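Visitor: For what it's worth, the numbering used here labels the leading residue of the sequence shown as 44, then goes sequentially.
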Amino acid sequence: MKQELIRNFSIIAHIDHGKSTLADRLLELTRTVELRDKRAQLLDSMDLERERGITIKAAAASMEYEKDGQSYRLNLIDTPGHVDFNYEVERSLQACEGALLLVDATQGVEAQTVHNTVLADNAGLTIIPVINKIDVGSARPEAVSEEIENVLTIERERCIGVSAKTGEGVLALLDRIVDEIPPPAGNPEGTLRALIYDAEFNDYRGVIVHVRIVDGSLNAGDRIRMKAGGTRHEALELGLFRPQMVPCKTLGTGEVGYLIANIKTLADVRVGDTVMLDKDSTSVALPGYRPARSMVFCGIYPTANKDFDILRTALERLQLNDAAFTFAPETSDALGFGFRCGFLGLLHMEIVQERLERESHVDIVQTAPNVTYEVVLKDGTIRRLDSPSQLPDVMQVEALREPMVKLDIVTPDEHIGSIMKLAIERRGKFLHREYLGPGRVIIGFRIPLSEIIFDFFDRLKSATRGYATMDYEFDGFDVDDLVKMRILVNGEEVDALSAIVHRDQASPKGRSIIKVLRKEIPRHLFKVALQAAIGGKIVAREDIAPLRKDVTSKCYGGDISRKRKLLEKQKAGKKRMKMVGSVEIPQKAFFAVLKGPDD
44 MKQELIRNFS
54 IIAHIDHGKS
64 TLADRLLELT
74 RTVELRDKRA
84 QLLDSMDLER
94 ERGITIKAAA
104 ASMEYEKDGQ
114 SYRLNLIDTP
124 GHVDFNYEVE
134 RSLQACEGAL
144 LLVDATQGVE
154 AQTVHNTVLA
164 DNAGLTIIPV
174 INKIDVGSAR
184 PEAVSEEIEN
194 VLTIERERCI
204 GVSAKTGEGV
214 LALLDRIVDE
224 IPPPAGNPEG
234 TLRALIYDAE
244 FNDYRGVIVH
254 VRIVDGSLNA
264 GDRIRMKAGG
274 TRHEALELGL
284 FRPQMVPCKT
294 LGTGEVGYLI
304 ANIKTLADVR
314 VGDTVMLDKD
324 STSVALPGYR
334 PARSMVFCGI
344 YPTANKDFDI
354 LRTALERLQL
364 NDAAFTFAPE
374 TSDALGFGFR
384 CGFLGLLHME
394 IVQERLERES
404 HVDIVQTAPN
414 VTYEVVLKDG
424 TIRRLDSPSQ
434 LPDVMQVEAL
444 REPMVKLDIV
454 TPDEHIGSIM
464 KLAIERRGKF
474 LHREYLGPGR
484 VIIGFRIPLS
494 EIIFDFFDRL
504 KSATRGYATM
514 DYEFDGFDVD
524 DLVKMRILVN
534 GEEVDALSAI
544 VHRDQASPKG
554 RSIIKVLRKE
564 IPRHLFKVAL
574 QAAIGGKIVA
584 REDIAPLRKD
594 VTSKCYGGDI
604 SRKRKLLEKQ
614 KAGKKRMKMV
624 GSVEIPQKAF
634 FAVLKGPDD
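Written out as structure tokens, the structure reads:
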């Protein structure tokens with residue numbers, strides 16, 4: 044297709060503002076999907092996405108649309124809305140020239156709306172503001188267009204009102220896409236340069252590479268080379284997403300599609316790499332993507348040691364499809380061989396865990412999550428700590444630094460007091476407050492990441508009756524009074540439960556962990572001591588009482604010394620058993636600690 048007739052765009056929005064529903068209407072009105080194939084959330088292909096009602100993976104679809112007697116190809120990339128999948132949004136935007144900024148007519152501009160607008164603006168995209176859900180009784184399109192102008196500095200006259208549910212205004216939006224979003228740049232006569240913006244693994248066809256052709260064209264049968272990887276392949280099949288894969292002979296400049304080249308080795312494909320012709324030795328690689336910075340880490344271990352290699356293969360496949368996910372092998376005294384995995388946030392971690400169990404059918408144990416810290420040693424060197432077990436000896440440590448984030452919360456102004464109280468309890472520092480419109484305000488804090496990744500969002504929703512939304516971005520490392528808290532079971536340290544915490548919170552946090560363990564670890568024939576310790580100081584302790592057999596049950600009357608002798612013999616046996624016996628910690632105890640106390 045001619046380059047000037049192609050439009051590449053994505054839909055960006057806060058979570059639940061209607062991205063997937065709008066994508067459904069666009070596919071329906073352009074007749075891309077047959078009536079018999081129609082279903083809600085068509086581009087959300089994963090079962091997990093459909094169950095949770097959220098978009099996890101960006102998905103592409105090519106549509107044909109006629110305007111003024113001319114046929115245009117519209118390449119849509121639907122993106123996630125949750126803050127944990129921002130990296131997915133960022134990568135998708137680099138394959139586009141325009142973006143539909145979707146805002147809910149009932150909720151208005153939210154925290155993630157602001158962040159996504161900045162991402163699209165930084166990528167140099169043409170932004171079309173779209174106000175969705177105008178058919179709802181509580182819709183306030185005028186007030187929302189005013190918020191868009193005040194907060195996002197986009198003229199309210201440019202806003203277009205639609206109802207993704209009923210299809211009202213969507214045809215006018217298609218016309219705006221054709222008129223306002225520029226065709227893709229690039230040299231159609233040049234040599235091939237294609238950007239790999241995503242990939243997935245198929246058991247029968249190998250790696251399926253998602254590409255955007257930047258220069259030149261790619262034909263089926265061409266010999267190609269991955270610029271960074273250096274591997275060579277033959278392009279066996281090319282095609283478009285409609286939204287299912289439809290083969291074609293050629294992908295031209297500006298087009299978005301897929302490439303199958305019988306690639307069986309996962310390491311041969313890297314997201315952000317450049318695909319070139321094998322004979323081309325002069326072309327420069329495309330800029331690619333900045334690497335994602337993992338913010339949350341946890342250990343993932345197979346429940347059975349024999350599943351270690353199966354788990355490694357499953358993680359490699361998942362990393363191919365999710366470039367923000369990282370992993371490296373590690374060992375634990377308590378859990379054996381496993382992997383230290385990095386995620387963008389707690390929801391990202393939860394989704395990866397569920398995908399692993401569903402797609403690879405491996406039973407896994409996951410350790411408590413922690414954030415990345417920095418340790419400054421006395422010789423001046425700085426090290427990153429992805430796990431508390433990596434902390435060097437206290438005598439070598441000059442200072443510990445924790446990651447900080449800038450947190451923006453959008454809320455009705457009646458909840459300002461409860462939000463300020465919650466943020467200050469979590470060691471947050473107030474930065475700014477701005478009114479978006481009558482009764483709605485955005486509040487900014489600088490707060491440690493470790494304080495918001497666990498239950499902060501749930502507490503925020505409770506404090507504001509579900510009306511508040513939040514977004515955060517990394518803002519460097521700060522020195523604070525941080526200590527390593529060790530959990531001891533029967534005198535033995537359980538490295539999987541160790542954590543780096545603020546000194547003021549060490550005692551209550553340690554007490555809550557060992558209370559959970561006390562409920563979950565079964566009673567043994569000897570007393571089991573559970574302790575939380577900082578250095579050599581015990582800050583919390585609980586005991587699990589031993590199981591006891593009534594050894595005096597056979598004694599009917601007689602001298603008391605007979606009973607005492609039997610009890611002393613039992614006591615000596617238990618003492619000996621405690622010295623040589625080991626405490627078995629069930630997997631459900633690790634899950635219970637991860638979940639936290641029921642308060």
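Ideal Cβ placement from N, Cα and C applies to all residues, glycine included.
Keep in mind the model is a prediction, meaning the values are calculated, not measured.
Using only the alpha-carbon positions, how far apart do V544 and T293 sit?
Guide: Working through the sequence shown from its first residue, we reach residue 544 at position 501. Working through the sequence shown from its first residue, we reach residue 293 at position 250. Their backbone Cα atoms lie some 56 Å apart in a straight line.
Visitor: On the three-state DSSP scale, how would you describe F500?
Guide: Here the question's residue 500 lines up with position 457 in the sequence shown. The answer is helix: DSSP assigns F500 an H, G or I state.
Visitor: Could you tell me whether the Cβ atoms of L309 and L281 are closer together than 8 Å?
Guide: Here residue 309 corresponds to residue number 266 of the sequence shown, with the count starting at 1. Here residue 281 corresponds to residue number 238 of the sequence shown, with the count starting at 1. Taking 8 Å as the Cβ cut-off, L309 and L281 do not qualify as a contacting pair.
Visitor: With respect to the beta strand (DSSP E) encompassing D67, which residues constitute its N-terminal and C-terminal limits?
Guide: For the purposes of this step, residue 67 is taken as the residue at position 24 of the sequence shown. Looking at the DSSP string, D67 is not in any beta strand (DSSP E); the run it does join, the alpha helix (DSSP H), is K62 to L72.
Visitor: Assign F52 to one of three DSSP states: helix, strand, or coil.
Guide: The residue labelled residue 52 in the question sits at position 9 within the sequence shown. Reduced to three states, the DSSP call for F52 is strand.
Visitor: Taking three-plus beta-carbon pairs below 8 Å as touching, is the segment 195-202 in contact with the segment 270-290?
Guide: No: the two stretches stay apart, fewer than three of their Cβ pairs being nearer than 8 Å.
Visitor: In terms of DSSP beta bridges, what is E107 paired with?
Guide: Along the sequence shown, read from residue 1 onward, the residue named residue 107 stands at position 64. Partner(s): R116.
Visitor: Is P551 closer than 8 Å to I496 when the C-beta atoms are compared?
Guide: Within the sequence shown, the letter at position 453 stands for residue 496. Within the sequence shown, the letter at position 508 stands for residue 551. Not a contact, by the Cβ cut-off of 8 Å.
Visitor: Assuming P589 contacts R566 (C-beta within less than 8 Å), just tell me the rounded distance between them.
Guide: Counting from 1 along the sequence shown, the entry for residue 589 is found at position 546. Counting from 1 along the sequence shown, the entry for residue 566 is found at position 523. Correct: roughly 7 Å between the Cβ atoms.
Visitor: Between the alpha carbons of L479 and D121, how many angstroms are there, rounded?
Guide: For the purposes of this step, residue 479 is taken as the residue at position 436 of the sequence shown. For the purposes of this step, residue 121 is taken as the residue at position 78 of the sequence shown. Those two C-alpha atoms are separated by around 27 Å.
Visitor: Which residue marks the beginning of the beta strand (DSSP E) containing E400, and which one marks its end?
Guide: Here the question's residue 400 lines up with position 357 in the sequence shown. Unbroken run through E400 is the alpha helix (DSSP H), L389 to S403; no beta strand (DSSP E).
Visitor: For I530, report the span of its beta strand (DSSP E) as first-last.
Guide: Taking the first residue of the sequence shown as 1, we reach residue 530 at position 487. Where I530 is concerned, the enclosing beta strand (DSSP E) stretches over L525 to V532.
Visitor: Provide the residue(s) that pair with P345 in DSSP beta bridges, ordered along the chain.
Guide: As a working note, residue 345 is residue 302 in the sequence shown. DSSP, once it has assigned bridges, lists I407 as partnering P345.
Visitor: Indicate whether L144 and M106 have their beta-carbon atoms separated by less than 8 Å.
Guide: Counted from its first residue, the sequence shown places residue 144 at position 101. Counted from its first residue, the sequence shown places residue 106 at position 63. The answer is no: Cβ separation not under 8 Å.
Visitor: Do you know whose CA, among E243, E192 and I171, lies nearest R219's CA?
Guide: Here the question's residue 219 lines up with position 176 in the sequence shown. Taking only the C-alpha atoms, the option nearest R219 is I171.
Visitor: Which partner residues of K472 appear in the DSSP bridge assignment?
Guide: The sequence position of residue 472 within the sequence shown is 429, counting from 1. Answer is R489.
Visitor: Just curious, the alpha helix (DSSP H) that H158 is in, first and last residue?
Guide: Stepping through the sequence shown from its first residue, residue 158 is reached at position 115. Per DSSP, H158 belongs to the alpha helix (DSSP H) from A154 to N165.
Visitor: Assuming A56 and V146 make a contact with CB atoms under 8 Å, what is their CB distance in whole Å?
Guide: Reading the sequence shown from its first residue, position 13 is the one you call residue 56. Reading the sequence shown from its first residue, position 103 is the one you call residue 146. Sure, about 7 Å apart at Cβ, within 8 Å.
Visitor: Out of T512, Q150, A104 and E494, which has the shortest C-alpha to C-alpha gap to V339?
Guide: Here residue 339 is taken as the residue at index 296 of the sequence shown, counted from 1. Of the listed residues, the one whose Cα sits closest to V339 is E494.
Visitor: Tell me whether the segment 310-319 and the segment 222-242 touch, counting them as touching only if at least three CB pairs, one residue from each stretch, are closer than 8 Å.
Guide: Yes, the segment 310-319 is in contact with the segment 222-242.
Visitor: Could you check which residue in E477, G180 and D246 has the C-alpha nearest to that of S403?
Guide: Translated into positions along the sequence shown, residue 403 becomes position 360. S403 has its Cα closest to that of D246, out of E477, G180 and D246.
Visitor: Between the segment 385-399 and the segment 352-371, are three or more C-beta pairs nearer than 8 Å?
Guide: The answer is yes - the segment 352-371 touches the segment 385-399, with three or more Cβ pairs under 8 Å.
Visitor: Identify whether A542 lies in helix, strand or coil by the three-state DSSP scheme.
Guide: In the sequence shown, the residue the question calls residue 542 occupies position 499. Three-state DSSP puts A542 in a strand.
Visitor: Could you name the residues that DSSP lists as bridge partners for G282?
Guide: The residue you call residue 282 lines up with position 239 of the sequence shown. G282 pairs with P290 and Y301.
Visitor: Residue range of the alpha helix (DSSP H) that N193 falls in?
Guide: Position 150 of the sequence shown holds residue 193. N193 -> alpha helix (DSSP H) spans P184 to L195.
Visitor: With a threshold of 7 Å on Cβ separation, who are the neighbours of L361 within its own chain once the five nearest residues in sequence on each side are excluded?
Guide: Looking up residue 361 in the sequence shown gives position 318. Around L361: F368, V395, R398 and L399.
Visitor: Given a threshold of 16 other Cβ atoms within 10 Å of its Cβ, counted over all protein chains shown, does P330 qualify as buried or as exposed?
Guide: Position 287 of the sequence shown, counted from the start, is the residue given in the question as residue 330. So P330 ends up on the exposed side.
Visitor: In its own chain, which residues sit with a C-beta less than 7 Å from the C-beta of I256, not counting the 5 before and 5 after it?
Guide: Residue mapping note: residue 256 aligns to position 213 of the sequence shown, counting from 1. A237, L294, G295, T296, G297 and E298, listed in sequence order.
Visitor: Where does Q150 land, buried or exposed, given buried means 16+ other C-beta within 10 angstroms?
Guide: Counted from its first residue, the sequence shown places residue 150 at position 107. The residue is buried, with at least 16 neighbouring Cβ atoms inside 10 Å.
Visitor: Taking DSSP's pairing of strands, which residues face T369 in a bridge?
Guide: Taking the first residue of the sequence shown as position 1, residue 369 is located at position 326. G385.
Visitor: Which residue's Cα is closest to the Cα of D523: A442, G534 and D514?
Guide: Stepping through the sequence shown from its first residue, residue 523 is reached at position 480. Looking at the Cα atoms, A442 is the closest of the given residues.
Visitor: In the DSSP assignment, the alpha helix (DSSP H) including A245 goes from what residue to what residue?
Guide: Translated into the one-based positions of the sequence shown, residue 245 becomes position 202. Inspection of the sequence shows that residue 245 is occupied by Asn rather than by Ala. N245 -> not in any alpha helix (DSSP H); beta strand (DSSP E) instead, spanning R236 to N245.
Visitor: Would you be able to state if there are at least three C-beta pairs under 8 Å between the segment 507-519 and the segment 446-458?
Guide: Yes: at least three Cβ pairs fall under 8 Å.
Visitor: Who are the Cβ neighbours of M620 in its own chain at under 8 Å, not counting the five residues just before and after it?
Guide: Walking along the sequence shown from the start, residue 620 turns up at place 577. Unreliable placement is indicated for M620, whose pLDDT of 47 sits below 50; the coordinate value is still reported in the next sentence. Excluding residues within five positions, the ones whose Cβ falls inside 8 Å are L568 and F569.
Visitor: When you compare only the Cα positions, how much space is there between A104 and A328?
Guide: To locate residue 104, count along the sequence shown from 1; it is residue 61. To locate residue 328, count along the sequence shown from 1; it is residue 285. Computed Cα separation, rounded: 26 Å.
Visitor: Quick check on H458: does DSSP put it in helix, strand or coil?
Guide: In the sequence shown, the residue the question calls residue 458 occupies position 415. DSSP places H458 in helix when its eight states are reduced to three.
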